[in-house]
Amino acid sequence: MSAPSTNVEQQSKRHRPAIWGIAAAGVFVAILFFAYLANLAAQGNEPGETAETPAAATSTDG
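If you're matching positions, the sequence shown starts at 866 in our numbering and goes up one per residue.
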């Protein structure tokens, strides 16, 4: 079943704020993602450096 009377222009105007909100959220997430990638790149190792790995945890039964 479809709605008895649909006015596409009116519905378009009513949904405009929601569409702008979704678009703004997408842009915000993209900015955060690229900032995260830039942070990872800035913290990377230089060629020839050894990566620091934490010591293996030892467990004792006793």
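All C-beta atoms, glycine included, are put in the ideal place defined by N, C-alpha and C.
Rounded to whole angstroms, what is the Cα-Cα separation between residue i and residue j?
| i | j | result |
| --- | --- | --- |
| W885 | A868 | 25 Å |
| H880 | N872 | 12 Å |
| A883 | L902 | 29 Å |
By Cβ distance, which residues of its chain are closer than 8 Å to residue i, with the 5 residues on each side in sequence left out?
| i | result |
| --- | --- |
| A900 | none |
How would you write the range of the alpha helix (DSSP H) that residue i sits in, first residue to last?
| i | result |
| --- | --- |
| E874 | 873-907 |
Near residue i, which residues of its chain fall below 7 Å by C-beta distance, leaving aside the five closest residues on each side in sequence?
| i | result |
| --- | --- |
| E914 | none |
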